[in-house]
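Undergrad: When the letters of the sequence shown are read in order and numbered with the working numbering, they come out as residues 22 to 318.
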Amino acid sequence: MPAIRIGINPISWSNDDLPSLGGETPLSTALSEGKEIGYEGFELNGKFPKNAEGVGDVLRPYELALVSGWYSSRLARRSVAEEIDAIGSHVELLAKNGAKVLVYGEVADSIQGQRIPLVERPRFHTEQAWQEYADKLTELARFTLSQGVRLAYHHHMGAYVESPADIDKLMALTGSEVGLLFDSGHCYMGGGEPLHVLRKHIERICHVHFKDVRKPVVQLARNNLWSFPDCIINGTFTVPGDGDIDFAALLDVLLANDYHGWLVVEAEQDPAVAPSYVYAKKGYDTLRALLDERVAL
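#1: Sorted by chain position, which residues of the same chain lie with C-beta nearer than 6 Å to Gly304's C-beta, five sequence neighbours on each side aside?
#2: If you count every other CB in all the chains shown that lies within 10 Å of the CB of Asp263, and 16 or more means buried, which is it?
#3: In chain order, what residues of the same chain have a beta carbon less than 8 Å from the beta carbon of Ser131, not counting five sequence neighbours either side?
#4: How far does the beta strand (DSSP E) with Val218 in it extend, from its first residue to its last?
#5: Helix, strand or coil: which one does DSSP assign to Ile137?
#6: Excluding five sequence neighbours on each side, which residues of the same chain lie with their C-beta closer than 7 Å to the C-beta of Glu314?
#7: Give the list of continuous alpha helix (DSSP H) stretches no shorter than 4 residues that lie fully inside the stretch 117 to 191.
#8: If you run the structure through DSSP and keep just helix, strand and coil, what is Thr46?
#9: Take Val229 and list the residues in its own chain whose beta-carbon comes closer than 6 Å to its own, dropping the five residues that flank it on each side.
#10: Across the stretch 211 to 220 and the stretch 152 to 172, are there enough close Cβ pairs to call them in contact, namely three or more that are closer than 8 Å?
#11: Do Glu64 and Asn118 come within 7 Å of each other at the CB atom, strictly closer than that value?
#12: Three Cβ pairs or more, each shorter than 8 Å: is that satisfied between the stretch 182 to 194 and the stretch 145 to 156?
#13: Helix, strand or coil for Gly62? Go by DSSP, reduced to three states.
#14: Roughly how many whole angstroms lie between the Cα atoms of Arg243 and His146?
#15: With His222 and Leu201 assumed to form a contact (beta carbons below 8 Å), what rounded beta-carbon distance in angstroms separates them?
#16: With DSSP as the reference, identify every bridge partner of Gly200, one or two as the case may be.
#17: With 7 Å set as the bound, which would you pick, yes or no: does the beta-carbon of Ser197 sit closer than that to a beta-carbon of chain B?
#18: Could you check if Asn72 is buried or exposed, using at least 16 other CB atoms within 10 Å of its CB as the buried criterion?
#19: Tell me whether the beta-carbon of Val199 lies closer than 7 Å to the beta-carbon of Leu166.
#20: Beta carbon of Asp38, beta carbon of Gly134: below 7 Å?
#21: Once the 5 residues before and after Gly67 are set aside, which same chain residues still bring their CB inside 7 Å of it?
#22: Opposite Ala277 in the DSSP bridges: which residues?
#23: Taking 7 Å as the threshold (C-beta atoms), are Val234 and Tyr209 in contact?
#24: In the structure shown, what three-state DSSP assignment does Ile226 receive?
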């Protein structure tokens, strides 16, 4: 099995946060089209069954792997014991279907699904608040590791950890048990230079979302104080090969540092404007060509 595999998130077909975007599209369409394009695996979305056996039954006919699955955590407002109790069934679902990482999203106080300007996102305002959260996160990550699944923290627009400075702080305060999900699109939109952030935190990166951005639209989003849903609907994000991020450079860093895991194509877009199959294929073809070029060297 290759060290790096290409997967996709079903958000190209339907968006859980904005059901009007592809809500009518059945999961079977995403799976069949993804398989036809060449993807080896899928992340979860809300249309998958909620139990381990059901997920396996859905993926098996298409010979697709389970890449991972988003978990909405409220650790910023809960105790570690409460979060372990809440996260347990999701960890079990992932582990039983062969997934090695858990996409961890902190949604406590998050505005990512609301029509609220991103500048109003939550923040930890004191060193004590940062340290308390980091300590809880390390303990939670220790638990998921004990179950065979590594916590991959998703820096995300509209949440506590969004900017490069936030990522730096979180990585400095947490133990190595806490992995980092590197999302190129959220990194750029959050004010970072993706290549710099990737290099800086490569030792902690255990999962990768390759999301592209349209830089002129990012500038509009910043100038007009858009919310995250505004960014999605207005085309801030797209698949690799359709925007302005240099994925060849990012991939070179991953390969040079012996990254083992998934490259997940993910782009929050309106499928009525960006047809799912067309854009999913563009993302796959872009990454496949970049990988093949480097393997051939």
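Yeah, the Cβ is synthetic: ideal placement off N, Cα and C, and Gly gets one too. What you are looking at is a predicted structure, and each value in this text was computed from that prediction instead of being measured.
TA: Looking at the coordinates:
#1: For the purposes of this step, residue 304 is identified with residue 283 of the sequence shown, where counting begins at 1. Taken in chain order, the residues that qualify are Val260, Pro261 and Val286.
#2: Here residue 263 refers to the residue found at position 242 when the sequence shown is read from its first residue. Per the 10 Å Cβ criterion, buried.
#3: The residue you call residue 131 lines up with position 110 of the sequence shown. So the list reads Arg142, Pro143, His177, Gly179, Ala180 and Tyr181, once near-sequence residues are dropped.
#4: Taking the sequence shown and counting its residues from 1, one reaches residue 218 at position 197. Val218 -> not in any beta strand (DSSP E); alpha helix (DSSP H) instead, spanning Pro215 to Lys221.
#5: As a position in the sequence shown, residue 137 is number 116, starting the count at 1. If DSSP states are grouped into helix, strand and coil, Ile137 belongs with coil.
#6: Taking the sequence shown and counting its residues from 1, one reaches residue 314 at position 293. The beta carbon of Glu314 lies closer than 7 Å to none in the same chain, with the five residues before and after it left out.
#7: Runs of the alpha helix (DSSP H) inside the stretch 117 to 191: 148 to 167.
#8: Within the sequence shown, numbered from 1, the residue matching residue 46 stands at position 25. In the three-state scheme derived from DSSP, where H, G and I count as helix and E and B as strand, Thr46 is classed as coil.
#9: Numbered from its first residue, the sequence shown carries residue 229 at position 208. Excluding five sequence positions before and after Val229, the CB atoms of its chain that fall closer than 6 Å to its own CB belong to Phe203 and Leu284, given in chain order.
#10: By the C-beta criterion, the stretch 211 to 220 is judged not to be in contact with the stretch 152 to 172, since fewer than 3 inter-stretch pairs fall below 8 Å.
#11: Residue mapping note: residue 118 aligns to position 97 of the sequence shown, counting from 1. Residue mapping note: residue 64 aligns to position 43 of the sequence shown, counting from 1. Against a cut-off of 7 Å, the Cβ pair of Glu64 and Asn118 comes out as no contact.
#12: Three or more Cβ pairs drawn from the stretch 182 to 194 and the stretch 145 to 156 lie within less than 8 Å of each other, which places the two stretches in contact.
#13: In the sequence shown, counting from the first residue as 1, residue 62 sits at position 41. Correct three-state label for Gly62: strand.
#14: Start at 1 with the first residue of the sequence shown, and residue 243 comes out as number 222. Start at 1 with the first residue of the sequence shown, and residue 146 comes out as number 125. In a straight line, the C-alpha of Arg243 is about 22 Å away from that of His146.
#15: Your numbering for residue 222 matches position 201 in the sequence shown. Your numbering for residue 201 matches position 180 in the sequence shown. Their Cβ separation, rounded to whole angstroms, is 5 Å, which keeps His222 and Leu201 in contact under 8 Å.
#16: Your numbering for residue 200 matches position 179 in the sequence shown. Gly200 has Ala173 as its beta-bridge partners, per DSSP.
#17: Absence of chain B from the displayed structure is noted, only one protein chain being present.
#18: Counting from one through the sequence shown, the residue named residue 72 turns up at place 51. That one is exposed.
#19: Here residue 199 is taken as the residue at index 178 of the sequence shown, counted from 1. Here residue 166 is taken as the residue at index 145 of the sequence shown, counted from 1. Not in contact: Val199 and Leu166 (Cβ atoms no closer than 7 Å).
#20: Taking the sequence shown and counting its residues from 1, one reaches residue 38 at position 17. Taking the sequence shown and counting its residues from 1, one reaches residue 134 at position 113. A contact, by the Cβ cut-off of 7 Å.
#21: Within the sequence shown, numbered from 1, the residue matching residue 67 stands at position 46. Excluding positions up to five away in sequence, the list reads Asp37.
#22: Your numbering for residue 277 matches position 256 in the sequence shown. Beta-bridge partners assigned by DSSP to Ala277: none are found.
#23: Your numbering for residue 209 matches position 188 in the sequence shown. Your numbering for residue 234 matches position 213 in the sequence shown. At a Cβ-Cβ threshold of 7 Å, Tyr209 and Val234 count as neighbours.
#24: Your numbering for residue 226 matches position 205 in the sequence shown. For Ile226, the secondary structure class from DSSP, reduced to helix, strand or coil, is strand.
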